[in-house]
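Colleague:
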Amino acid sequence: MNPTWLALGAALFAALTALFSKLGTTTLHPAWATFFRTVVVLGLTWALALRHPLSWSQESTRGLCFLAASGLATGLSWACYFQALSGQQLSRVAALDRLSIVFTLLFACLWLGEKLTWKNGLGVALMAVGAILISLK
125 MNPTWLALGA
135 ALFAALTALF
145 SKLGTTTLHP
155 AWATFFRTVV
165 VLGLTWALAL
175 RHPLSWSQES
185 TRGLCFLAAS
195 GLATGLSWAC
205 YFQALSGQQL
215 SRVAALDRLS
225 IVFTLLFACL
235 WLGEKLTWKN
245 GLGVALMAVG
255 AILISLK
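Add 124 to a position in the sequence shown, counting from 1, and you land on the number used in this note's numbering.
(1) Alpha carbon to alpha carbon, how far is Leu174 from Gly167?
(2) Between the region 222-235 and the region 155-162, are three or more C-beta pairs nearer than 8 Å?
(3) Taking C-beta to C-beta, are Thr149 and Ser210 nearer than 8 Å?
(4) Suppose only complete runs of 4+ residues qualify. What are the alpha helix (DSSP H) ranges in the region 186-251, listed by chain order?
(5) Check whether the region 211-221 touches the region 252-259, taking contact to mean three or more Cβ pairs, one atom from each stretch, closer than 8 Å.
(6) With H, G and I counted as helix, E and B as strand and the rest as coil, what does DSSP make of Arg161?
(7) Decide if Pro177 is buried, meaning its Cβ has at least 16 other Cβ atoms within 10 Å, or exposed.
(8) Ser179: buried (16+ other C-beta within 10 angstroms of its C-beta) or exposed?
(9) Below 6 Å CB to CB, which residues in the same chain sit around Glu238 once its five sequence neighbours on both sides are set aside?
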């Protein structure tokens, strides 16, 4: 499948995630909401992973360490997100959460050596300003 369509699908599902998460935290404590969501994600990813054979010999220790760090970052991100949702409007929380795009681009430049073009820089600046404006009361 085309990576652009997959990325747009990810954005659509992320938006639905935000909506459903906000609705879910109206009746559950954020910690329990995060736990339940994680169980569902675990089940889904387990079902997806079982469709592909795994060869541990192809997995590097370094790669697994980075994936473990990614899992920790995801868990912390979700915990912060759900806690924020329980006390704030979805539009404000989602706008600030999407500053992850800005951070990701900066991290890609700093640690992966990706180039920051003037178009990327302008886009990131506009995203940051937009997120801040949306999140203001």
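Note that CB positions come from ideal geometry on N, CA and C, so glycine has one too.
As the structure is a prediction and not an experimental result, all values here were calculated from the model.
Modeller: Here's the rundown:
(1) Near 11 Å, if we compare the C-alpha coordinates of Gly167 and Leu174.
(2) Because the criterion of three Cβ pairs below 8 Å is not met, the region 222-235 and the region 155-162 do not touch.
(3) Closer than 8 Å, so yes.
(4) 214-221 and 224-236, all fully within the region 186-251.
(5) At 8 Å Cβ cutoff, the stretches touch.
(6) Helix, per DSSP.
(7) With fewer than 16 Cβ atoms within 10 Å of its Cβ, Pro177 is classed as exposed.
(8) By the Cβ neighbour-count rule, Ser179 is exposed, with fewer than 16 other Cβ atoms within 10 Å of its own.
(9) Cβ-Cβ distances below 6 Å link Glu238 to Ala232 in the same chain, with the five nearest sequence neighbours on each side left out; the list follows chain order.
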